[in-house]
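One structure is given below, encoded as structure tokens.
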Amino acid sequence: MKQIYVSRTFTTRQQRQRAVSLLPYIAVLVGLHYLRSAWTAMIFYQAGMAATLLHQHFDWRVLWRGWHGRDGLLLSVLTGSSGILLVLCQDIWLTDRASFQHLLQQVGLMSDHLPLFILCFSILTPVLEEAFWRGALGSTSTQLAHSDLLFAGYHILVLAAFTSVPIAVVSGSGLAIMAWLWRRQYMRHQGLAVPVASHFGADLSIMLAVQYLWLYT
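Position in the sequence shown counted from 1, then plus 1, gives you my numbering.
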């Protein structure tokens, strides 16, 4: 009887995790694609992650544990180049430069408050995403896990609002690998310091690239 109880408990936990993992998709579909509001999508997404972590009594101290100088530096350089790559490859993913500003304006991102959006996104999202995707929903598998694929899938939905679907899918494949690397760092060093730092570098560089493209394309 005890074994059956444990099995059912584990199954229930899996079901809860799968249900919770749908929150980001709902946030993007409703906020970004239906309401056409990047602010709504971001706030809904961040609030959903924060509520989940608080409900699960997540140990926030793990966020600054497990720093490793070499791994942290290498990953931060790798992810920090994302924005540069975005600008250099704009002819590939930005199919119509003239419509880029219009696309951002359509989702509520205007020039006067774009810096505020960049600040809120770059500071809060890396922390919450690492705690949520690697911490609350993370797996101990050494291979690609469901949480890695779900993390990538959510970003494909975001990217599909700004570029072609094939490019969004290719980018999502890279993000699945990045999610796996971050999760492996968490497992290896027993902390999220390296994933959070390198994730922050990625998000900030991408947001600064968006600001650059807004101003100069």
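Every residue, glycine too, gets a C-beta built ideally from N, C-alpha and C.
Fair warning: this is a prediction, and the values are worked out from it, not measured in the lab.
Under a Cβ-count criterion, where at least 16 other Cβ atoms within 10 Å of its own Cβ denotes burial, should residue i be classed as buried or exposed?
{"i": "residue 97", "result": "exposed"}
{"i": "residue 29", "result": "buried"}
{"i": "residue 92", "result": "exposed"}
{"i": "residue 156", "result": "buried"}
{"i": "residue 11", "result": "Residue confidence is low: residue 11 scores 44 on pLDDT, short of 50, so the model does not pin down where it sits. Its coordinate-derived value is still stated next. Per the 10 Å Cβ criterion, exposed."}
{"i": "residue 42", "result": "buried"}
{"i": "residue 222", "result": "Any answer about residue 222 is impossible in this case: the structure gives the chain only from 2 up to 218."}
{"i": "residue 20", "result": "exposed"}
{"i": "residue 87", "result": "buried"}
{"i": "residue 139", "result": "buried"}
{"i": "residue 175", "result": "exposed"}
{"i": "residue 70", "result": "exposed"}
Within the same chain, show all residues whose beta-carbon is closer than 8 Å to that of residue i, passing over the 5 residues directly before and after it, in chain order.
{"i": "residue 62", "result": "none"}
{"i": "residue 123", "result": "201, 204, 205 and 208"}
{"i": "residue 37", "result": "107, 108 and 109"}
{"i": "residue 125", "result": "47"}
{"i": "residue 1", "result": "Because the chain in this structure spans residues 2 to 218, residue 1 falls outside the shown range and cannot be described."}
{"i": "residue 104", "result": "162 and 163"}
Looking only at its chain, what residues have a beta carbon closer than 6 Å to the beta carbon of residue i, apart from the 5 residues adjacent to it on each side?
{"i": "residue 203", "result": "80 and 83"}
{"i": "residue 151", "result": "22"}
{"i": "residue 177", "result": "149, 150 and 153"}
{"i": "residue 168", "result": "94"}
{"i": "residue 6", "result": "Unreliable placement is indicated for residue 6, whose pLDDT of 39 sits below 50; the coordinate value is still reported in the next sentence. Cβ within range, chain order: n/a, list empty."}
In chain order, what residues of the same chain have a beta carbon less than 7 Å from the beta carbon of residue i, not counting five sequence neighbours either side?
{"i": "residue 137", "result": "53, 54, 57 and 59"}
{"i": "residue 9", "result": "Note that residue 9 has pLDDT 46, beneath the 50 cutoff, so the model's placement of it is unreliable and the number below is only indicative. Within the same chain, residue 9 has no close Cβ partners at all."}
{"i": "residue 128", "result": "64 and 197"}
{"i": "residue 1", "result": "Past the edges of the chain, shown from 2 to 218, lies residue 1, and the structure says nothing about it."}
{"i": "residue 134", "result": "148, 152 and 180"}
Can you give me the start and stop residues for the alpha helix (DSSP H) that residue i sits inside?
{"i": "residue 71", "result": "70–81"}
{"i": "residue 151", "result": "147–160"}
{"i": "residue 185", "result": "166–190"}
{"i": "residue 60", "result": "First-last for residue 60: undefined, no H or E at that position."}
{"i": "residue 32", "result": "Per DSSP, residue 32 belongs to no alpha helix (DSSP H) and is neither H nor E."}
{"i": "residue 138", "result": "No alpha helix (DSSP H) contains residue 138, which DSSP labels as neither H nor E."}
{"i": "residue 102", "result": "101–107"}
{"i": "residue 114", "result": "It is not in any alpha helix (DSSP H) - residue 114 carries neither H nor E in the DSSP assignment."}
{"i": "residue 132", "result": "Here residue 132 belongs to no alpha helix (DSSP H), and DSSP marks it neither H nor E."}
{"i": "residue 201", "result": "194–217"}
{"i": "residue 91", "result": "91–94"}
So residue i and residue j are supposed to be a Cβ contact under 8 Å. How far apart are they, rounded?
{"i": "residue 67", "j": "residue 194", "result": "5 Å"}
{"i": "residue 184", "j": "residue 146", "result": "7 Å"}
{"i": "residue 49", "j": "residue 24", "result": "4 Å"}
{"i": "residue 160", "j": "residue 172", "result": "6 Å"}
{"i": "residue 158", "j": "residue 26", "result": "6 Å"}
{"i": "residue 76", "j": "residue 165", "result": "Not a contact, Cβ separation roughly 28 Å."}
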